[in-house]
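One structure is given below, encoded as structure tokens.
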Amino acid sequence: MLQSKSFVKKTKQGRIQKVVREHYLRDDVYCGFVPCSSCDAAAERKLAAAAAAILVVDTNVVLHQIDLLENPAIEDVVLLSVVLDEVKNKNLSVFNRIKALCTNKARRFYVFANEQHRDTYVKDMVGESSNDRNDRAIRVAAHWYQSHLGESVKVLLITNDRDNKRKAIEEGLNAETVESYVRSLAQPGLLDLVVVPSSGDVTMEDVEDHRPSKKKVIYNEHKPMSEITTGLRCGIYHQGKLRVNRYNPFEAYVGSESIGDEIVIRGRSNMNRAFDGDIVAVELLPQDQWHESKSFIADDDEEEDVHLVPNSADDAPRNTNSTQSTVGLSAPSVSSRPVGRVVGIIKRNWNSYCGSLEPMPMPAGSGGVAHALFVSKDRRVPKIRIQTRQLENLVNKRIVVAVDSWDVLSRYPSGHYVRTIGDIGDKETETEVVLIENDINTRPFSTQVLACLPPLPWTLSPEDLANPNRQDLRQVRVFSVDPPGCRDIDDALHCTLLPNGNFEVGVHIADVTNFVHPGTPLDEEAAQRGTSVYLVGQRIDMLPKPLTEDVCSLRADVERLAFSVIWEMTPDADVISTRYTKSVIKSCAAMSYVEAQARMDDSRLVDPLTVDLRNLNSLAKIMRQRRCERGALTLASAEVKFEIDSETHDPLDIGIYQIREANQMIEEFMLAANVSVAEKILKHFPLCSLLRRHPSPTKEMLEPLLRTASSVGLNLDVSSSKALAESLDNAQSNDPYFNKLIRILATRCMTQAVYFCSGDLTFSEYYHYGLAASLYTHFTSPIRRYADVVVHRLLAAALGIAKLPPIFQDSPQLTGIADNLNYRHRNAQMASRASVELHTHIYFKTRPTDTEARIVKIKANGFIVFVPKFGIEGPIYLTPKGDKGGDWVVDEVHQRVTKPGTNISYAVLQTVRIHMEVVEPQPHRPKLQLTLI
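For the sequence shown, our numbering gives the first residue as 301, with consecutive numbering after it.
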């Protein structure tokens, strides 16, 4: 049966165009009920014969009650195609979650194509809104199920829309609200998952709330979108993404393109119910309100914790205090940075959050509704008010909570309990929290993904060797150098002395794209994951292990496919020629950095492999020196390593990771390969190359470094990366650790490098500040980074050995890939840092320690110290918590805090002795505490 569907759309030229499409209706769309005798016996059947009811859910139930639907207690659900289409248009994240339920063979969720069925398709009615049309289609489909299945099973329409429910009952359908259906299941814990509707259509049965916060307006109403749109157009409002300070949740920043600066938002009131990551509209405050305030170590609700030393300005505590020219901080100063307030939310970024309930006395009786405050592990997230009927089961547990709404009358947002992770302090529980907080995909690879893998065991085929685009390099002495125990070996090298006295140097990278083809389930999964994630003692792979540890890994003594960059270099590291080729290699050795360094250092060894290593190292030193002369920065980090117990997996020892010449040698050639490939792909594809840039730090980012340096008599030139590099080289002192400490402080002022599509920016914006490179990309780690997979495809197309996939013609989609890669890369870094912090905490739980620390930041009531031995920093209080430092005076110019009337003072970079110990200020709330000795 043929129907026609028409709709209007606007063309690029602004014309309104009517589009008419043919719509085929069928009668072979089946119900999915197991005992049904009317449907084709071969049809898919997921709805159980023993089902108490078949549930037909409307769009809003899926959008708002997805946590409930994911609970195993909810089964035998029909998802109509009209509902799925609407959900996909409104919330892609929820759509992906409901789609996963429908494809999960262990769950009884069935998709019914009501828009394609002859008896359930509905035509648009004159004057009917699309929402009313879809509600009518849902009722028609529910009625068809009721007629089709007869008395064999009850069909129940679940909706929180009062009007839709009324019409359904009038039409003879069984219809219930979400809450009434959940109550009928007699599982009180499920009621915690039910989201209270914010539309006012249907309200949950609630406990009367007499709290004072409910009686007064705390926040301003958000402006309507029409007013926001007008305000943005007129320049009254400014749009941007709100980023909450990781170390001070009462301060946030909105990057605004319209004014070309970052707008500071201070206080919950000015944040006006915005969450980190929300797209917001901001109104600037009058300039006389752009005041700075005293800089304190946070306390009470703002408790500042011990954490890893930041690796960039994105990780570091932000400091908007301008330098004072007077002793003390008695008067506020006017900031040069704009300060504003949020007037509206353009796009919400609410997620599920991990944390625990705030300690509270247990209410009398049991089984009733209790109000509780949820405290997220992520300090940027405000406390969330929830209702629960299982309070006694949630106390002292790590739980997941989702946000539902935030009323202007409420100090905190309202949310609902989703699930329990485990006990607070349990290592497995806390690791899972790290993964959830950072949106790390830990699901097993699906059967569809695994079906894309080559047959195992994989061996080199005659076709691979006969391929004219693949060079046989198995006779070349190739080797790899990696961290100890590395099994996913991405890269290998060779260094051959040529008859003319030059060297042939090759970087060989695992040819992952030979096995990961565009558009396949394997490729889509890798694109979504973006990167492998490295935790302490654990790796979450981007690709299945048969690829990462076997088929693609460039292990010793096995033949493997590679993508090679090969240079001819003079002994002075001048490049004579560069070529790129797919290849076949057979590595002769897989060494650790320690093993490679030992070979180079042992003068008794003169075997060919050791000579190759020494030649490579000599070339790398020259290349590194030239990079530094161009302005590349040599920064420093405090990366820690753990010795892990093989049975308990608890840390036995902790220390700073040592960087050797072997590490720097490998890094130098990987950098060179990445630069060479960037130049090649951009030449052929100037508008669709995936590159990596490192924006220059702003003056505000560098200001803490300059202030600290100035306080110790050091003048740093930050006019360019070259000037800064030279200044850092000249930053010397009698203190042997001084230079490294200054470099660590410089590191935390840097922005993060990001991926981008070349067509989105001008050439001058491609610059990589840290490397002083005009072009850069990632090519050398395709086993663990999807960006490198994309770049391999670009390089293959540039060489004419493969077609460029169609996605490279879609600029918005390429930009979306780059954005996702940045998001995933950032989350992987944060998860890795959180895992190190967790294991550091576990280590000190049974090992109170006295050690040296360096003061890195002065506050009015104390200071922040860096502990070099363990790579962490944290607060030292000079006054009791809550006391705002009245007994101490801060000299911002000289970065010193002094107690008046005494000779007691502390200055930035000063060495102090501290005691480190895990304490429990509250039951089941352990924390690492630093105190002066």
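Think of the CB as a built atom: it goes at the ideal place given N, C-alpha and C, for glycine as much as any other residue.
Minimum C-alpha distance to residue i - residue among the options
{"i": "residue 571", "options": "476, 1151, 1211, 681", "result": "681"}
{"i": "residue 325", "options": "422, 348, 345, 399", "result": "422"}
{"i": "residue 583", "options": "535, 1047, 897, 783", "result": "535"}
{"i": "residue 929", "options": "892, 1047, 1070, 1056", "result": "1070"}
{"i": "residue 763", "options": "771, 756, 757", "result": "771"}
{"i": "residue 769", "options": "701, 1098, 777", "result": "1098"}
{"i": "residue 1026", "options": "1192, 1043, 1035", "result": "1043"}
{"i": "residue 516", "options": "710, 1226, 565", "result": "710"}
{"i": "residue 1194", "options": "702, 1205, 789", "result": "1205"}
{"i": "residue 846", "options": "765, 815, 942, 529", "result": "815"}
{"i": "residue 848", "options": "881, 1166, 821, 813", "result": "813"}
{"i": "residue 463", "options": "451, 455, 477", "result": "477"}
{"i": "residue 1216", "options": "1191, 1150, 1156", "result": "1150"}
{"i": "residue 1167", "options": "1108, 544, 1231, 1123", "result": "1231"}
{"i": "residue 786", "options": "392, 892, 1122", "result": "892"}
{"i": "residue 841", "options": "1019, 693, 861, 1081", "result": "1081"}
{"i": "residue 591", "options": "559, 640, 577, 575", "result": "640"}
{"i": "residue 344", "options": "353, 407, 331, 1023", "result": "331"}
{"i": "residue 414", "options": "429, 397, 434, 426", "result": "434"}
{"i": "residue 338", "options": "445, 394, 441", "result": "445"}
Opposing strand residues paired with residue i [DSSP bridges]
{"i": "residue 1162", "result": "1159, 1177"}
{"i": "residue 795", "result": "805"}
{"i": "residue 1197", "result": "1190, 1206"}
{"i": "residue 444", "result": "For residue 444, which the question treats as bridged, DSSP gives no partner whatsoever."}
{"i": "residue 953", "result": "943"}
{"i": "residue 646", "result": "In DSSP, residue 646 forms no bridge with anything."}
{"i": "residue 1216", "result": "1149, 1230"}
{"i": "residue 838", "result": "835"}
{"i": "residue 641", "result": "583"}
{"i": "residue 1055", "result": "992"}
{"i": "residue 856", "result": "887"}
{"i": "residue 1211", "result": "1154"}
{"i": "residue 654", "result": "700"}
Buried versus exposed, by CB contacts within 10 Å (16 or more), residue i
{"i": "residue 897", "result": "buried"}
{"i": "residue 1235", "result": "This structure leaves residue 1235 out entirely; the chain is present only between 301 and 1233."}
{"i": "residue 1246", "result": "A question about residue 1246 goes unanswered here, because the residues of the chain that appear run from 301 up to 1233."}
{"i": "residue 952", "result": "exposed"}
{"i": "residue 945", "result": "exposed"}
{"i": "residue 801", "result": "exposed"}
{"i": "residue 877", "result": "exposed"}
{"i": "residue 1063", "result": "exposed"}
{"i": "residue 747", "result": "exposed"}
{"i": "residue 730", "result": "buried"}
{"i": "residue 879", "result": "exposed"}
Own chain residues within Cβ distance below 6 Å of residue i, not counting five before or after
{"i": "residue 1228", "result": "606, 1141, 1144, 1218"}
{"i": "residue 468", "result": "439, 457, 475"}
{"i": "residue 1086", "result": "826, 827, 830"}
{"i": "residue 411", "result": "379, 402"}
{"i": "residue 1005", "result": "1045, 1046, 1049"}
{"i": "residue 1188", "result": "1178, 1197, 1199"}
{"i": "residue 1057", "result": "1114, 1115, 1118"}
{"i": "residue 1148", "result": "1217"}
CB contact below 8 Å: residue i versus chain C
{"i": "residue 1110", "result": "Here chain C cannot be found, since the structure has a single protein chain."}
Own chain, CB closer than 8 Å to residue i, minus 5 neighbours either side, in chain order
{"i": "residue 390", "result": "359, 363"}
{"i": "residue 1128", "result": "738, 740, 830, 831, 832, 833, 834"}
Nonlocal neighbours in the same chain, by C-beta distance under 7 Å from residue i, ignoring five residues either side
{"i": "residue 374", "result": "368"}
{"i": "residue 977", "result": "865, 1077, 1079, 1091, 1095"}
{"i": "residue 1103", "result": "1097"}
{"i": "residue 645", "result": "522, 574, 578, 580"}
{"i": "residue 1121", "result": "830, 1055, 1086, 1087"}
Legend entry - In chain order, each alpha helix (DSSP H) run of at least 4 residues that lies wholly inside the segment 960-1008: 961-984
Legend entry - Ranges of the beta strand (DSSP E) found wholly within the segment 388-414, counting only runs of at least 3: Fully enclosed beta strand (DSSP E) runs of no fewer than 3 residues occupy 409-412 of the segment 388-414, in order along the chain.
Legend entry - Any alpha helix (DSSP H) of 4 or more consecutive residues that is wholly inside the segment 870-946: 893-901, 908-930
Legend entry - Ordered list of beta strand (DSSP E) runs contained in the segment 684-749, each at least 3 residues: 684-688, 697-705, 714-723
Inset, instruction - Quick one: which unbroken beta strand (DSSP E) runs of 3-plus residues sit fully inside the segment 520-594? Chain order, please. - result: 537-544, 551-556, 561-566, 579-584
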